[in-house]
Amino acid sequence: MPTCQNCGEKWTWKQTIKTILKLNCPYCGRRQYESASSRRRSGLFALIPLVLLPFNAWLDFSIGNALILPIVIAFLILVVYPFILKLSNEEEPFW
Ligand SMILES: [Zn+2]
-13 MPTCQNCGEK WTWKQTIKTI LKLNCPYCGR RQYESASSRR RSGLFALIPL
37 VLLPFNAWLD FSIGNALILP IVIAFLILVV YPFILKLSNE EEPFW
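Sequential numbering from -13 applies to the sequence shown in my numbering.
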């Protein structure tokens, strides 16, 4: 779970989901940023659909399944994201 770099409070999963777009600390209100190392890791999530795509074709999914799959993936990413999210006080350059 992410820890606020300003006040040192640990965010719960629920608090992280609530502020996932803004990343404002629920304790001190300070804006937090995703750290560069955390962003690199979450960037790997973008590869999941690419990995699943061949399986999709292989299993000969119907259009309905093909539409549900991205929703399921997005949901899974949202569930896992707070566990890998690391915070920073400033916006760090990617590399
Ligand atoms: Zn804080």
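From the three backbone atoms N, C-alpha and C, an ideal C-beta is built for every residue, glycine too.
Given the structure is predicted, the values throughout are model-derived calculations rather than measurements.
In this chain, Q(-9) is not harboured by any alpha helix (DSSP H), its DSSP state being neither H nor E. Using a C-beta cut-off of 8 Å, the segment -13 to -6 makes contact with the segment 68 to 81, since at least three inter-stretch Cβ pairs fall below that distance. Between the segment 58 to 67 and the segment 30 to 40, the count of C-beta pairs closer than 8 Å reaches three or more; the two stretches touch. Using a Cβ distance threshold of 8 Å, P56 and I3 do not count as a contacting pair. Exclusion of the five residues before and after K8 leaves R17 as the residues of its chain whose Cβ lies within less than 8 Å of its Cβ.
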